[in-house]
Amino acid sequence: MSVARAGGPGSESVVIVGTGVAGITAAETLRTNGFDGTITVFGEEPHLPYRRTALSKNLVAGDLSDTKITLRPPGYWSERGIDIVTSTRVVDVDPSSRRVRLADVTEVAYDALVLATGGRARRLPGQSSPPSSLRTRRDAEGLREAIADGPVIIIGGGLIGLEIAAAVATPGEGSRVTVVERGSSLLSRVVPPTVAEAVATLHRERGVRILTGAVPVATGPHSVTLSDGRTLTGTVISAIGMEPELGLARSAGLPVDPAGIVVDDSLRTGVPGVYAAGDVAARPHPLTGAPMRAEQWLTATEHGRLVAMTIAADLGLNADTAAPVPRVPLAWTMQYSINIQLVGWPNAGDRVDVEPDDSNSIVRSFSAGRLVGAVCIGRGGSGRSLRAEIESSLQPAGVGG
13 MSVARAGGPG SESVVIVGTG VAGITAAETL RTNGFDGTIT VFGEEPHLPY
63 RRTALSKNLV AGDLSDTKIT LRPPGYWSER GIDIVTSTRV VDVDPSSRRV
113 RLADVTEVAY DALVLATGGR ARRLPGQSSP PSSLRTRRDA EGLREAIADG
163 PVIIIGGGLI GLEIAAAVAT PGEGSRVTVV ERGSSLLSRV VPPTVAEAVA
213 TLHRERGVRI LTGAVPVATG PHSVTLSDGR TLTGTVISAI GMEPELGLAR
263 SAGLPVDPAG IVVDDSLRTG VPGVYAAGDV AARPHPLTGA PMRAEQWLTA
313 TEHGRLVAMT IAADLGLNAD TAAPVPRVPL AWTMQYSINI QLVGWPNAGD
363 RVDVEPDDSN SIVRSFSAGR LVGAVCIGRG GSGRSLRAEI ESSLQPAGVG
413 G
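Mapped onto our numbering, the consecutive letters of the sequence shown carry residue numbers 13 to 413.
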């Protein structure tokens, strides 16, 4: 067994597990803010870091080549002294010795460790052999061929499932797409009913068949059997969300929750030298205090910046406290040609106000008179200002609700 420590004695070493946007942004931020130690980023996929959000948006007609979806051009990482190690699995973390162990039994020492491991596609009940899902570039490349013709059945009426539906239906082929949603409406976990119905209408107008209250009991790559006895056949795509990748966190004895690795508002895990960021990190929910995972590209990017500044402060590399990062999530989706932004917690209110503007609108959700969420339909420029408004109404980080 060998122990690696790049950079030599006296050189601070940061190890990042995960080549998604959270881990990569952490590496970039450390370097651009003057960290001159070793930065090593491990990823299991064979590709250099790429835009995961492009997978659903470019699934049918878009470009999935390196030149279009890779985050940075060739040579970018080496020029900045950031070592991206692809096709490599980290299998264990030992916080007491501050080492990680790779699948080939090599051990790598660290001064600071960032777990940005993201998640894996959630499994369906009654799953015989796995249907297709869309988490990786390899998934997208395989799906593109599978959905070229014939019926397409999408299980899950959330953001990703509906983006896939829109991608397949856009060339005028909506009639071959069926969305199966076990809830009473599309997007039921994230938007109020008025928005859910508007989105459903958008898809139905393009021929997409939407089945709500439909519970899959048996699934495979080419068929779905529902609890009412119906069987649907076609290419089956599972889009029912993700489960955080918690294996390393558990083996290291980190605090975990079904939402993810439990962290504070600065992304510290409570174990010295170990941090978590991105989809796997569960920060305190500003409204409830419970651990909250936010699966958005913007949040992951902000986590990357925040965790880098937290590490710099903890290593004594600067005297500045990390700048606050908004706790209010902001996500966006393209449904056909319409931009929809989700701000905060649109389904957490007890009152909804709709501000129509021809075909566009802003739906605001209030709880006890306070704005807690909004949905901007065709009003892309409004999301950030609404986010700032909600953020300003929250109690300071660390103060209970």
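Cβ coordinates follow ideal geometry from the N, Cα and C atoms, glycine included. As the structure is a computational prediction, the values presented were derived from the model and not from experiment.
Three-way DSSP call (helix, strand, coil) for residue i in this model
i	result
Gly219	coil
Gly385	strand
Asp269	strand
Thr281	coil
Val364	strand
Val236	strand
Asp104	strand
Trp344	strand
Arg111	strand
Ala289	coil
Leu60	coil
Gly30	coil
Ala331	Because Ala331 sits at a pLDDT of 42, beneath the cut-off of 50, its placement in the model cannot be relied upon, and the point is left open.
Glu24	coil
Glu307	coil
Ala302	coil
Val164	strand
Gln185	In the sequence as displayed, the identity of residue 185 is Glu instead of Gln. Residue state, collapsed to three classes: coil.
Val211	helix
Val202	coil
Asp116	coil
Thr224	strand
Asp276	coil
Gly412	Residue placement at Gly412 is flagged as unreliable, the pLDDT there being 40, under the threshold of 50; a coordinate-derived value is accordingly withheld.
Val424	Residue 424 falls outside the range modelled here, since the chain spans only 13 to 413, and no answer is possible.
Leu244	strand
Gly131	strand
Proximity to residue i [Cα-Cα], best of the options
i	options	result
Ala380	Ser263, Ser200, Leu42 and Asp362	Asp362
Ser235	Leu146, His59, Gly328 and Ser250	Ser250
Phe47	Arg92, Leu76 and Val72	Arg92
Ala324	Val202, Ala128 and Gly285	Gly285
Ala386	Ile165, Val355, Ala261 and Glu367	Val355
Thr118	Leu125, Val126 and Val105	Val105
Leu244	Leu223, Arg262, Ala264 and Ser263	Leu223
Ala360	Thr213, Phe378 and Trp344	Phe378
Val112	Ile94, Thr52 and Leu174	Thr52
Leu266	Gly74, Ala294 and Thr190	Ala294
Leu42	Glu209, Leu125, Val384 and Pro86	Leu125
Gly316	Gly328, Leu279 and Val340	Leu279
Val211	Tyr287, Ile352, Arg149 and Ala39	Ile352
Gly173	Ser404, Thr345 and Gly395	Thr345
Cα-Cα separation, residue i to residue j
i	j	result
Tyr88	Gly35	16 Å
Ile350	Arg194	25 Å
Leu198	Tyr348	16 Å
Ser187	Pro270	37 Å
Gly55	Val97	6 Å
Val319	Thr206	37 Å
Leu155	Asp326	44 Å
Arg84	Val375	36 Å
Thr31	Asp240	42 Å
Ala178	His215	7 Å
Arg63	Thr82	6 Å
Glu185	Lys80	25 Å
Pro358	Ser200	10 Å
Ile28	Ser108	17 Å
Pro338	Glu307	14 Å
Gly246	Arg132	23 Å
Gly392	Leu342	11 Å
Pro298	Ala160	44 Å
Glu57	Arg149	9 Å
Val340	Thr100	34 Å
Ala331	Pro296	At Ala331 the pLDDT is 42, less than 50, meaning the model places this residue with poor confidence; the figure from the coordinates comes in the next sentence. Straight-line Cα distance between these residues: approximately 25 Å.
Val120	Glu217	55 Å
Gly225	Val164	19 Å
Extent of the continuous alpha helix (DSSP H) to which residue i belongs
i	result
Leu83	First-last for Leu83: undefined, no H or E at that position.
Ser373	First-last for Ser373: Asn372 to Ser379, but that is the beta strand (DSSP E), not the alpha helix (DSSP H).
Arg262	Gly259 to Ser263
Val355	No alpha helix (DSSP H) holds Val355; the beta strand (DSSP E) holding it covers Ile350 to Gly356.
Ala230	Per DSSP, Ala230 belongs to no alpha helix (DSSP H); it is in the beta strand (DSSP E), Pro228 to Thr231.
Limits of the beta strand (DSSP E) - the one that residue i falls within
i	result
Asp151	Where Asp151 is concerned, there is no enclosing beta strand (DSSP E), although the alpha helix (DSSP H) it sits in stretches over Arg149 to Ala158.
Gly395	Not the beta strand (DSSP E): Gly395 falls in the alpha helix (DSSP H), residues Gly395 to Ser405.
Ser250	Thr247 to Ser250
Leu125	Ala124 to Leu127
Val189	Val189 to Glu193
Phe54	Thr50 to Phe54
Pro256	Met254 to Pro256
Residue i: CB within 6 Å of a non-hydrogen atom of the ligand COA
i	result
Pro341	Inclusion of the ligand COA in the displayed structure is not the case, the ligand content being empty and no account of it being possible.
Beta carbon proximity, residue i to chain B, threshold 7 Å
i	result
Thr281	Included in the structure is just one protein chain, with no chain B present.
Given 8 Å, three or more beta-carbon pairs between the segment 26-35 and the segment 305-318: Three or more Cβ pairs closer than 8 Å define a contact, and the segment 26-35 meets that threshold against the segment 305-318.
Touch test, the segment 251-270 against the segment 230-241, Cβ-Cβ under 8 Å, three pairs minimum: Taking one beta carbon from each stretch, the segment 251-270 and the segment 230-241 have fewer than 3 pairs nearer than 8 Å; the two do not touch.
Contact the segment 292-310 vs the segment 262-279: 3+ CB pairs below 8 Å: Because the criterion of three Cβ pairs below 8 Å is met, the segment 292-310 and the segment 262-279 touch.
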